[in-house]
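Residue numbers (the working numbering): 96 to 138.
From the three backbone atoms N, C-alpha and C, an ideal C-beta is built for every residue, glycine too.
Just so you know, these numbers come straight off a predicted model, no measurement behind them.
Note sheet for the following structure.
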């Protein structure tokens, strides 16, 4: 494959990792939120 395709793939992987990290971060925030709320989180 070409070099540009490799960099594209690397960018896609880093973007996916950032998405997973932000999701887990949001999930942690949501867990701490349910401690102070009624706990109506079904995820």
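query = Alpha carbon to alpha carbon, what distance is there between residue 110 and residue 124?
reply = 21 Å
ask   = Can you tell me the Cα-Cα spacing of residue 113 and residue 97, whole angstroms?
value = 25 Å
task = Within the same chain, show all residues whose beta-carbon is closer than 7 Å to that of residue 101, passing over the 5 residues directly before and after it, in chain order.
result = none
task = For residue 127, collect the residues of the same chain with a Cβ closer than 8 Å to its Cβ; drop the 5 residues on either side in sequence, then sort them by chain order.
result = Annotation for residue 127: no residue places its beta carbon closer than 8 Å to its own, counting only its chain and skipping 5 residues before and after.
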